[in-house]
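Numbering (my numbering), first residue to last: 2 to 805. All residues carry an ideal CB built from backbone N, CA and C; glycine is no exception. Notes to accompany the following structure.
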């Protein structure tokens, strides 16, 4: 039955899912998990996309009559080998163009049935790792015979003369099911050099990748419009004419997206899942999109883990009571350090219980001999015992239902080969409890714990003397979620001005996932910024994570994200251009960015973006127009040079007439008129003192044409008060110093202001002071502008998502 799904103007896409079901059922019944090329064309006919070329299957055992071979129009036909195992046909002589005469077709058909198995066997001898399962261990004539037995025949296809054979006139469109993000769609430059284009062109220029669950045809088309492929197809390059309409592209994308979402793990009624569907390439003939090659792999649906009771995360982050097991009475082990940190954070010792036989109390906290002896149901139970004890302890925690949430500190739960069985047992027990509608939520294992300043506790097992002091005053309305506790600890040590209210070490995601935690903070009324470090996602949790990110972004929050393990795209792919283009990191970055997160590509970027978000999330950002100023000419020029990159950009703001007049008056008042030309960037010379710097910042930040200000603060200027020594006239401990003036000015400004202190270690105290009064401060101008441009680009992207 045809189901109309998407309309763009007069364009209507109808997909006959019953017909596609039939194709999958027939192939599945024959023991196949892929469609033959002619079946892919039948799938395209049912999908509502462009009509494929006419084709005829010439079976390998057939006696071909002339009338069978004279059914296609034109002077030539294309012959393609049909095999369930040969994906890339061209490389083994599996694609040939011959004259459209019965004798020429018959001759080529016979030759291909013998030559292609020999060529493919030789190819597999050279690359045994690429051999399908059924061919492994075979060689020589035995391998060629096995390949030959699997041949279905040769597909005779109508030859379509393309409008142009110039570079960029072929299009790849594909969908692929990923383990973490579900189905993704890819579109871009097609043909045999697709991977080369993706590798050599700037990011986003050759191909576009998106989660099918987070986009529709029109939205994906807007992403695709930025590619070289679109510019070529739309006739926007020299000597090129348009060969396809925008409506055709949107119709095609919409069809692929709808099929991907229908045959997806997200659809509980899907009879099959599409693992990969690729057309490479579509060519164009008289405004027709003509598929020249296609492949499709599918699978039967698998099992799904039970939903987690994520409502209990509140008890984990703001517990009224805490229990701990693994506390030593005689030495400072991990459990004892955790206990000390919990108490040092201010948690009421009367609401803490230690599970330890043979002791009445430790450090003033009451002990009980076992879980059965607890006098209350705990909000949080911290497990700090050895990994071998964990499975039995989890069984008991679930059976007794004595805690709302559990923190699994121990490593050895899946990190090594020998511990995987133990980890699987723990996961199975937790899933069993959740499937029955109960059990606590589990954080970890192998997690460093949680610092919850609103919850008044700290379970990190790091001694206090080895931790950086948090800045004085209330924490920022921010949550730092990290799969690696060491990463989180190191970032806080490296950048002590980061001051999040929550710090959550996720560990192995045995139960609670990154997506669960972001979803919780998306709905939290005490968090405006969420920073996430991820190393990997559980099955389908990448998509759940993206949905949580979008939920947070739509709630007006900033999300900063870094993904470890950025490998070259496509190196692990085994078949299909779509798989190689939509590599693991490329998929992750694209999906998370489309969800609305600001994606960092280095540790330094992550720290900078987190710092900016903590301080600027409440500021208004209308566009990307920058005002830059400095007393050092090189710095002003450097700011202007840093506003453009492949990933993000800013433009220099055209200052308003009133701002230019006010700046000119300021310079005149301070006898700088002969040295300063009012322009953007503004070089105010080393003779400008603290007052001139602060007043210039105010004037620039209040100009309606300016969206952000980067100010070089010239620490070595002979008149700037930037020194730590309180006995010098140039001390920053002065009410007229730039630090004091900005402390009063910044709260009055709605426009983001970024500072630069380009000086040596002598000026570290100044940087710390400026950060403490709320100024995001960098040590070089190029780093400041790059970080601000990336942050603003992310904020503007989030605004577009909210308005969509």
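> Should the region 706 to 722 be called in touch with the region 779 to 789, which here means at least 3 C-beta pairs below 8 Å?
Replying inline: yes
> Taking residue 364 as the reference, which of 331, 380, 391 has the closest Cα?
Replying inline: Along the chain shown, read from residue 1 onward, the residue named residue 364 stands at position 363. Here the closest residue by C-alpha is 331.
> Between residue 606 and the rest of its own chain, which residues show a CB-CB distance below 6 Å, the 5 nearest in sequence each way excluded?
Replying inline: Position 605 of the chain shown, counted from the first residue, corresponds to residue 606. Same-chain partners within the cutoff: there are none.
> From residue 57 to residue 158, what does the alpha carbon distance come to, in whole angstroms?
Replying inline: Stepping through the chain shown from its first residue, residue 57 is reached at position 56. Stepping through the chain shown from its first residue, residue 158 is reached at position 157. Spanning the two alpha carbons is a distance of roughly 7 Å.
> Count the other CB atoms within 10 Å of the CB of residue 268; is the residue buried (16 or more) or exposed (fewer)?
Replying inline: Here residue 268 is taken as the residue at index 267 of the chain shown, counted from 1. Classification of residue 268: exposed, given that the 10 Å Cβ count is below 16.
> In whole angstroms, what is the alpha-carbon distance linking residue 604 and residue 491?
Replying inline: For the purposes of this step, residue 604 is taken as the residue at position 603 of the chain shown. For the purposes of this step, residue 491 is taken as the residue at position 490 of the chain shown. Straight-line Cα distance between these residues: approximately 10 Å.
> My guess is that residue 77 and residue 96 are in contact by the Cβ rule of under 8 Å, so how many angstroms apart are they, rounded?
Replying inline: Sequence index remark: in the chain shown, residue 77 carries index 76 (1-based). Sequence index remark: in the chain shown, residue 96 carries index 95 (1-based). Between residue 96 and residue 77 the Cβ distance is about 13 Å, and since that is not below 8 Å, they are no contact.
>> Nearest by alpha-carbon distance to residue 759: which of 753, 715, 656 is it?
In response: Walking along the chain shown from the start, residue 759 turns up at place 758. It is 715 whose Cα lies nearest to the Cα of residue 759.
> Would you call residue 512 buried or exposed, if buried means 16 or more other Cβ atoms sit within 10 Å of its Cβ?
Replying inline: Residue mapping note: residue 512 aligns to position 511 of the chain shown, counting from 1. It is buried - the Cβ of residue 512 has at least 16 other Cβ atoms within 10 Å.
>> Could you tell me which whole alpha helix (DSSP H) segments of length 4 or greater appear in the region 396 to 445?
In response: 421 to 436
> Going along the chain, which unbroken runs of the alpha helix (DSSP H) with 4 or more residues stay wholly within the region 629 to 684?
Replying inline: 634 to 642, 658 to 670
> Using the C-alpha atoms, what's the distance from residue 116 back to residue 259?
Replying inline: Within the chain shown, numbered from 1, the residue matching residue 259 stands at position 258. Within the chain shown, numbered from 1, the residue matching residue 116 stands at position 115. Going from the Cα of residue 259 to the Cα of residue 116 covers about 39 Å.
>> So within the region 450 to 521, which uninterrupted alpha helix (DSSP H) runs reach at least 4 residues, ignoring any that extend past its ends?
In response: 486 to 495
> Since residue 611 is in the alpha helix (DSSP H), which residue starts that stretch and which ends it?
Replying inline: As a working mapping, residue 611 is identified with position 610 in the chain shown. Note, residue 611: alpha helix (DSSP H), 604 to 617.
> How would you call residue 699, buried or exposed, if buried means at least 16 neighbouring beta carbons within 10 angstroms?
Replying inline: Along the chain shown, one-based indexing puts residue 699 at 698. Its Cβ being crowded by 16 or more others within 10 Å, residue 699 is buried.
>> Counting beta carbon pairs with one atom in the region 438 to 447 and one in the region 347 to 360, are three or more of them shorter than 8 Å?
In response: no
>> So if DSSP puts residue 692 in a beta bridge, which residue, or which two residues, is it bridged to?
In response: If you number the chain shown from 1, residue 692 lands on position 691. The partner list for residue 692 (beta bridge, DSSP) is empty, contrary to what the question assumes.
> Should residue 288 be labelled buried (16 or more other beta-carbon atoms within 10 Å of its own) or exposed?
Replying inline: One-based indexing of the chain shown puts residue 288 at position 287. That one is exposed.
>> Within a Cβ cutoff of 6 Å, which residues of the same chain sit near residue 201, ignoring the five residues on either side of it in sequence?
In response: Taking the chain shown and counting its residues from 1, the one referred to as residue 201 is at position 200. Model confidence at residue 201 stands at a pLDDT of 46, short of 50, so the residue's coordinates are unreliable and nothing is read from them.
> For the candidate residues 69, 800, 591, 552, whose alpha-carbon lies nearest to that of residue 522?
Replying inline: Here residue 522 is taken as the residue at index 521 of the chain shown, counted from 1. For the residues 69, 800, 591, 552, the minimum Cα distance to residue 522 belongs to 552.
> In this structure, does DSSP put residue 597 in helix, strand or coil?
Replying inline: As a position in the chain shown, residue 597 is number 596, starting the count at 1. The answer is coil: DSSP assigns residue 597 none of H, G, I, E or B.
>> On the criterion of 16 or more Cβ atoms from any shown chain inside 10 Å, does residue 485 qualify as buried, or is it exposed?
In response: Your numbering for residue 485 matches position 484 in the chain shown. Its Cβ being crowded by 16 or more others within 10 Å, residue 485 is buried.
> So, is residue 630 buried or exposed, given that buried needs 16 or more other C-beta atoms within 10 angstroms?
Replying inline: Here residue 630 is taken as the residue at index 629 of the chain shown, counted from 1. By the neighbour-count rule (16 or more Cβ atoms within 10 Å), residue 630 is buried.
> With 16 as the cutoff for other CB atoms within 10 Å, does residue 90 come out buried or exposed?
Replying inline: Counted from its first residue, the chain shown places residue 90 at position 89. Residue 90 is buried by the Cβ-count criterion.
>> Let's test the definition: count the other Cβ atoms within 10 Å of the Cβ of residue 127 and tell me whether it reaches 16, buried, or not, exposed.
In response: Here residue 127 corresponds to residue number 126 of the chain shown, with the count starting at 1. Exposed, since its Cβ has fewer than 16 Cβ neighbours within 10 Å.
> Secondary structure at residue 280, three-state DSSP: helix, strand or coil?
Replying inline: In the chain shown, residue 280 corresponds to position 279, counting from 1. Residue 280: strand per DSSP, three-state reduction.
> Is residue 749 helix, strand or coil by DSSP?
Replying inline: As a first step, residue 749 must be located in the chain shown, where it is residue number 748. Reduced to three states, the DSSP call for residue 749 is helix.
> Looking at the structure shown, is residue 133 part of a helix, part of a strand, or coil, going by DSSP?
Replying inline: By one-based count along the chain shown, residue 133 stands at place 132. It is coil, neither helix nor strand.
>> Tell me the DSSP secondary structure of residue 337 in three-state form.
In response: In the chain shown, counting from the first residue as 1, residue 337 sits at position 336. Reduced to three states, the DSSP call for residue 337 is helix.
> If we count the other Cβ atoms within 10 Å of its Cβ and call it buried at 16 or more, is residue 789 buried or exposed?
Replying inline: Along the chain shown, read from residue 1 onward, the residue named residue 789 stands at position 788. With 16 or more Cβ atoms within 10 Å of its Cβ, residue 789 is classed as buried.
>> Taking the alpha helix (DSSP H) that residue 348 belongs to, which residues open and close that run?
In response: Your numbering for residue 348 matches position 347 in the chain shown. It is not in any alpha helix (DSSP H) - residue 348 carries neither H nor E in the DSSP assignment.
> Roughly how many whole angstroms lie between the Cα atoms of residue 796 and residue 611?
Replying inline: Within the chain shown, residue 796 is the residue found at index 795, counting from 1. Within the chain shown, residue 611 is the residue found at index 610, counting from 1. Using only the alpha carbons, I get a separation of about 13 Å.
>> For a test of the three-state rule: what should DSSP assign to residue 790, helix, strand or coil?
In response: The residue given as residue 790 occupies position 789 in the chain shown. DSSP places residue 790 in helix when its eight states are reduced to three.
> Between residue 143 and residue 135, what straight-line distance do the alpha-carbon atoms span, to the nearest angstrom?
Replying inline: For the purposes of this step, residue 143 is taken as the residue at position 142 of the chain shown. For the purposes of this step, residue 135 is taken as the residue at position 134 of the chain shown. The alpha-carbon atoms of residue 143 and residue 135 are separated by roughly 12 Å.
>> If the criterion is Cβ atoms closer than 7 Å, does the pair residue 410 and residue 480 meet it?
In response: Against the chain shown, residue 410 aligns to sequence position 409. Against the chain shown, residue 480 aligns to sequence position 479. No.
> Does DSSP put residue 329 in a helix, a strand or coil?
Replying inline: Along the chain shown, read from residue 1 onward, the residue named residue 329 stands at position 328. In the structure shown, residue 329 sits in coil (DSSP, three-state: anything other than H, G, I, E or B).
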